[in-house]
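As they're listed, the protein sequences go chains A and B. Its first residue numbered 75, the first sequence is counted upward by one per residue in the working numbering. Its first residue numbered 381, the second sequence is counted upward by one per residue in the working numbering. Even for Gly, the Cβ is constructed at its ideal location relative to N, Cα and C. On a predicted model such as this, the values are computed, not experimentally measured, just so you know. Reviewing the structure listed below.
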Amino acid sequence: MMILSGDPPRSRVLSLLLIAIVVMLAITPFVFPGAKPLNVAAKICIFAALVASYDLLLGYTGTVSFAHTMFYGIGSYAVAIALYGMGPSWAAVATGIVIGLPLAALLALVIGLFSLRVEAIFFAMITLAVASAFLVLASQLSWLTGGEDGRSFSLPELLRPGTVFIKDFFGVRINGRILTYYIILVGCAGMILALLRVVNSPFGRVLQAVRENRFRAEALGYRTVFHLTYANVLAALVAAAAGVLNAMWLRYAGPDTSLSFSIMLDILLMVVIGGMGTIYGAIIGATIFILAQNYLQALMGAASTAAADAGLPLLPNLLHPDRWLLWLGLLFVASVYFFPTGIVGRLRGAPKAAE
Amino acid sequence: MTDVPVPAPSTSDPLPQAKRDLLPVLLPAILALLMLPLVGSFSSWVTLTVASLAMGMMIFIMASGLTLVFGLMDVLNFGHGAFIAVGAYVATLVLLPLAAMSGADSLLTNLAVLVPAVLTAMAVSGALGVVVERVLILPVYGQHLKQILMTTGGLIVAEQALYALWGPQIIPLPLPTSLRGSFIIGDIAIAKYRLLVMLVGLVVFVGIQLTLNRTKIGLLIRAGVENREMVEALGYHVKRLFLGVFMVGSALAGLGGVMWALYREQVHASMGNELTVLIFIVVIIGGLGSVGGCFIGALLVAMVANYGGFLVPKLALVSNILLMVAILMWRPRGLYAVTSR
Numbered sequence: 075m076m077i078l079s080g081d082p083p084r085s086r087v088l089s090l091l092l093i094a095i096v097v098m099l100a101i102t103p104f105v106f107p108g109a110k111p112l113n114v115a116a117k118i119c120i121f122a123a124l125v126a127s128y129d130l131l132l133g134y135t136g137t138v139s140f141a142h143t144m145f146y147g148i149g150s151y152a153v154a155i156a157l158y159g160m161g162p163s164w165a166a167v168a169t170g171i172v173i174g175l176p177l178a179a180l181l182a183l184v185i186g187l188f189s190l191r192v193e194a195i196f197f198a199m200i201t202l203a204v205a206s207a208f209l210v211l212a213s214q215l216s217w218l219t220g221g222e223d224g225r226s227f228s229l230p231e232l233l234r235p236g237t238v239f240i241k242d243f244f245g246v247r248i249n250g251r252i253l254t255y256y257i258i259l260v261g262c263a264g265m266i267l268a269l270l271r272v273v274n275s276p277f278g279r280v281l282q283a284v285r286e287n288r289f290r291a292e293a294l295g296y297r298t299v300f301h302l303t304y305a306n307v308l309a310a311l312v313a314a315a316a317g318v319l320n321a322m323w324l325r326y327a328g329p330d331t332s333l334s335f336s337i338m339l340d341i342l343l344m345v346v347i348g349g350m351g352t353i354y355g356a357i358i359g360a361t362i363f364i365l366a367q368n369y370l371q372a373l374m375g376a377a378s379t380a381a382a383d384a385g386l387p388l389l390p391n392l393l394h395p396d397r398w399l400l401w402l403g404l405l406f407v408a409s410v411y412f413f414p415t416g417i418v419g420r421l422r423g424a425p426k427a428a429e
Numbered sequence: 381m382t383d384v385p386v387p388a389p390s391t392s393d394p395l396p397q398a399k400r401d402l403l404p405v406l407l408p409a410i411l412a413l414l415m416l417p418l419v420g421s422f423s424s425w426v427t428l429t430v431a432s433l434a435m436g437m438m439i440f441i442m443a444s445g446l447t448l449v450f451g452l453m454d455v456l457n458f459g460h461g462a463f464i465a466v467g468a469y470v471a472t473l474v475l476l477p478l479a480a481m482s483g484a485d486s487l488l489t490n491l492a493v494l495v496p497a498v499l500t501a502m503a504v505s506g507a508l509g510v511v512v513e514r515v516l517i518l519p520v521y522g523q524h525l526k527q528i529l530m531t532t533g534g535l536i537v538a539e540q541a542l543y544a545l546w547g548p549q550i551i552p553l554p555l556p557t558s559l560r561g562s563f564i565i566g567d568i569a570i571a572k573y574r575l576l577v578m579l580v581g582l583v584v585f586v587g588i589q590l591t592l593n594r595t596k597i598g599l600l601i602r603a604g605v606e607n608r609e610m611v612e613a614l615g616y617h618v619k620r621l622f623l624g625v626f627m628v629g630s631a632l633a634g635l636g637g638v639m640w641a642l643y644r645e646q647v648h649a650s651m652g653n654e655l656t657v658l659i660f661i662v663v664i665i666g667g668l669g670s671v672g673g674c675f676i677g678a679l680l681v682a683m684v685a686n687y688g689g690f691l692v693p694k695l696a697l698v699s700n701i702l703l704m705v706a707i708l709m710w711r712p713r714g715l716y717a718v719t720s721r
């Protein structure tokens with residue numbers, strides 16, 4: 075239990091589910107050949123870490139931030155610009171990380187100190203405005219960021235698909251792509267375990283106290299603004315690191331893949347559906363959401379054509395593959411209302427409902 | 381209600397009057413005057429100022445509902461943008477089939493199609509507001525976190541529903557013929573539609589202020605905010621009153637949506653999302669819940685956008701965020717902080 079920071083899943087179904095997800099992610103390159111399953115698996119890993127870091131904010135401190143993709147984008151862009159400008163070398167990767175992560179942390183610190191002393195709603199609105207300004211900046215400073223087109227780049231030799239380590243390992247060619255995948259898997263697992271450690275530390279308890287009753291936490295002598303700011307900085311760091319991994323996987327960073335408002339909404343959906351205030355919820359939420367995004371659409375397409383063939387009005391439109399977010403949005407609203415602790419909270423069955 | 385003569389406010393008012401805080405009111409005027417030498421030419425300054433005022437009025441109409449609902453009900457509706465988009469789409473239902481009438485070269489014929497379009501848009505977005513209040517917001521009164529989540533979810537669903545109903549393409553929405561063009565005075569050109577927009581904005585502003593401050597409904601609403609239980613004990617339905625406020629707020633968003641769509645001459649489902657950010661900035665600048673602050677905030681944002689776009693086009697894109705930071709440095713709770721919270 076040490077590795078889980080003394081916070082086991084506390085539910086047999088949940089444990090099995092988590093083990094299944096982790097095992098599946100670990101063996102994906104060997105059991106599901108082809109580029110798409112690997113892409114989906116990498117995306118699940120990256121988003122699980124990103125969503126877990128958002129959960130540190132939303133679930134544990136009760137602050138709604140709409141600027142989380144900004145930090146994610148800073149990580150992505152930092153490594154992308156470094157690799158684009160300095161060429162595909164490890165020094166460039168290191169430069170991207172060394173510049174990107176502190177930049178994200180600094181920005182989070184500034185935003186936190188400026189605005190965390192105000193109420194949750196105010197903070198949500200300010201972060202939304204800041205994030206949209208950042209998006210505009212990123213798409214306008216085209217000399218630096220490549221504008222709307224973003225930046226494509228090549229990875230260091232070792233991580234390229236052309237670099238083959240083992241020609242035939244159980245029928246799979248072990249190349250740089252698979253190495254990149256495992257770096258992502260291990261990196262994200264490490265970040266999630268670290269977040270689990272944070273929320274189960276005394277610091278994490280203070281965050282929960284702030285969430286439950288900020289006034290009371292303050293009366294107990296905790297300087298809540300500092301705790302909230304620390305949490306904000308930590309979340310930003312993890313988000314930026316996830317952004318680095320995302321850019322390395324895509325070999326590209328652009329506004330649509332790392333900064334857009336729709337990614338922010340995706341993160342929000344994943345946290346709430348998976349379960350706020352439970353780091354495990356991030357893994358479940360990200361897995362369900364990304365599987366739905368990639369595989370539900372085909373199903374909806376089939377249903378849509380079937381409805382169109384049956385001559386039903388409107389239903390084909392509602393079931394159109396592009397409208398999958400409609401159904402997830404409905405699920406989101408229902409989940410906020412009926413089971414606010416999300417899937418994980420439901421599985422745990424504990425009445426320890428997060429407000 | 382019998383007609384009780386209202387005593388005229390005399391100068392020897394026994395109640396101590398709060399000191400009027402007029403500095404923010406003067407801010408737009410000062411800004412406009414400062415810009416005159418910077419812009420250089422008087423005629424382009426007038427054009428820019430009129431454009432700012434018109435844009436500001438539209439933003440105000442859209443934002444007023446949001447700030448009203450927050451100020452009175454303590455509900456922050458992150459899905460407010462959805463009402464804007466819905467209003468614009470509903471207006472196309474009336475305007476596009478009757479394109480011949482709105483394309484006719486007669487003001488009366490134009491208005492005969494424009495007025496019903498606007499009214500339908502307001503009615504539908506207002507009705508949608510009632511549904512949203514009952515379904516999404518009623519269960520989460522007093523819980524800000526859940527309000528944000530619920531209404532954000534509502535925004536996602538609404539945007540997707542608009543895509544499902546109307547398709548993803550941008551719908552062109554031409555301005556009625558007699559509202560095109562400008563009045564020309566000397567070498568100054570003032571667009572007709574902008575004048576109309578300014579007029580509507582002023583009417584809405586004055587209407588809200590008068591309703592809140594001079595009518596019995598306004599009195600009850602303000603009392604309900606102060607002490608809900610007391611007003612209920614007096615036999616009034618605060619719930620119904622708040623529902624009404626929410627409906628009016630949504631209908632105003634719909635009105636703003638139609639006006640904005642006609643201004644841009646196009647309708648798109650993501651317009652709600654785009655405008656939400658702008659509206660939030662205005663509401664924050666004004667001080668959450670203050671209608672007057674929202675009005676001034678809208679004017680300031682529009683002015684900075686227009687003058688900024690003319691003088692330093694690159695800066696204009698982030699001008700509103702810079703304005704927000706500047707204002708919050710000066711007054712951390714917005715121009716007119718609502719003191720009750």
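How is residue i classed by DSSP in three states: helix, strand or coil?
i: P18 of chain A; result: Missing from the structure shown is residue 18 of chain A; chain A here goes from 75 to 429 and no further.
i: N607 of chain B; result: coil
i: F239 of chain A; result: strand
i: R225 of chain A; result: strand
i: S562 of chain B; result: strand
i: I551 of chain B; result: strand
i: V698 of chain B; result: helix
i: A141 of chain A; result: coil
i: V504 of chain B; result: helix
i: E429 of chain A; result: Legend: pLDDT at E429 of chain A = 39, less than 50; position of this residue unreliable, no value from coordinates given.
At a CB-CB cut-off below 8 angstroms, which residues of chain A make contact with residue i?
i: V537 of chain B; result: L400, G403, L404, V407
i: I664 of chain B; result: F196, M199, I200, A203
Since residue i is in the beta strand (DSSP E), which residue starts that stretch and which ends it?
i: R247 of chain A; result: 246–249
For the alpha helix (DSSP H) containing residue i, name the first residue and the last one.
i: V671 of chain B; result: 671–691
i: A360 of chain A; result: 353–365
i: A100 of chain A; result: 86–105
i: I570 of chain B; result: That residue, I570 of chain B, is in no alpha helix (DSSP H); its beta strand (DSSP E) goes 568–571.
i: E654 of chain B; result: 651–666
i: V318 of chain A; result: 298–324
i: F458 of chain B; result: F458 of chain B -> no alpha helix (DSSP H), and no H or E assigned at all.
i: I77 of chain A; result: No alpha helix (DSSP H) contains I77 of chain A, which DSSP labels as neither H nor E.
i: V722 of chain B; result: The structure shown does not extend to residue 722 of chain B, since chain B is modelled only from 381 through 721, so no value can be given for it.
i: Y134 of chain A; result: 109–135
i: P408 of chain B; result: 403–419
Give every residue of the same chain whose Cβ lies closer than 6 angstroms to the Cβ of residue i, excluding the five residues on either side of it in the sequence, and list them in chain order.
i: H394 of chain A; result: S378
i: G652 of chain B; result: G461, A462, I464, A465
i: I570 of chain B; result: V430, S562, F563
i: F208 of chain A; result: M144
Would you mind telling me which residues of chain A sit closer than 9 angstroms to residue i, beta carbon to beta carbon, in chain order?
i: F422 of chain B; result: Chain A residues near F422 of chain B: none, gap ~31 angstroms exceeds 9 angstroms.
Note down, in chain order, each residue of its chain lying with its Cβ closer than 7 angstroms to the Cβ of residue i, except the 5 sequence neighbours on either side.
i: V449 of chain B; result: V455, N457, V625, F626, G629
i: P230 of chain A; result: P162, S163, W164, V167
i: E513 of chain B; result: L623, F626
i: D340 of chain A; result: F363
Applying a beta-carbon distance threshold of less than 7 angstroms, which residues of chain B neighbour residue i?
i: A198 of chain A; result: I528
Less than 8 angstroms between C-beta atoms, sequence neighbours within five positions excluded: which residues of the same chain meet that for residue i?
i: L703 of chain B; result: I661, I665, L680, V681, V684
i: V419 of chain B; result: W425, L428, Y687, F690, L691
Please list, in chain order, the chain B residues whose beta carbon lies closer than 8 angstroms to that of residue i.
i: L202 of chain A; result: T656, V657, F660
Who are the neighbours of residue i on chain B, taking C-beta pairs under 9 angstroms?
i: N306 of chain A; result: What N306 of chain A touches in chain B: nothing, since even the nearest Cβ is about 16 angstroms away.
i: Q214 of chain A; result: K694, L697, V698
i: V210 of chain A; result: L697, V698, I701
Show which residues of chain A have a CB atom less than 7 angstroms away from the CB atom of residue i.
i: A541 of chain B; result: L400
Members of the stretch 331–363 of chain A near chain D, C-beta cut-off 7 angstroms | Of the protein chains in this structure, namely A and B, none is chain D.
Against chain A: residues of the stretch 434–461 of chain B by CB proximity under 7 angstroms = Across the stretch 434–461 of chain B, CB contacts with chain A closer than 7 angstroms involve L456, in sequence order along the chain.
Give the residues from the stretch 689–705 of chain B that approach chain A closer than 9 angstroms (Cβ to any Cβ), ordered along the chain.
-> Residues K694, L697, V698, N700, I701, L702, M704, V705.
Which residues, in order along the stretch 545–567 of chain B, keep a beta-carbon less than 9 angstroms from a beta-carbon of chain A?
-> Within the stretch 545–567 of chain B, L545, G547, P548 place their CB atoms closer than 9 angstroms to a CB of chain A, listed in sequence order.
Listed from N- to C-terminal order along the chain, which residues in the stretch 629–661 of chain B have their beta-carbon within a distance smaller than 8 angstroms of any beta-carbon of chain A?
-> Those residues of the stretch 629–661 of chain B that come within reach of chain A (Cβ to Cβ, closer than 8 angstroms) are N653, T656, V657, F660, I661.
For the stretch 282–300 of chain A, which residues have a CB atom closer than 8 angstroms to at least one CB atom of chain B, in sequence order?
-> Answer in chain order: no residues at all.
Name the residues in the stretch 460–474 of chain B whose C-beta lies less than 9 angstroms from a C-beta of chain A; which are they?
-> Within the stretch 460–474 of chain B, no residue has a Cβ that lies closer than 9 angstroms to any Cβ of chain A.
Output, in sequence order along the chain, the residues in the stretch 493–524 of chain B whose CB is closer than 9 angstroms to any CB in chain A.
-> Going along the stretch 493–524 of chain B in chain order, one finds V515, L516, P519, V520, Q523, H524 with a Cβ nearer than 9 angstroms to chain A.
The stretch 128–146 of chain A: which residues have C-beta closer than 7 angstroms to a C-beta of chain B, in chain order?
-> Interface annotation for the stretch 128–146 of chain A against chain B: G136, V138, criterion Cβ-Cβ distance under 7 angstroms.
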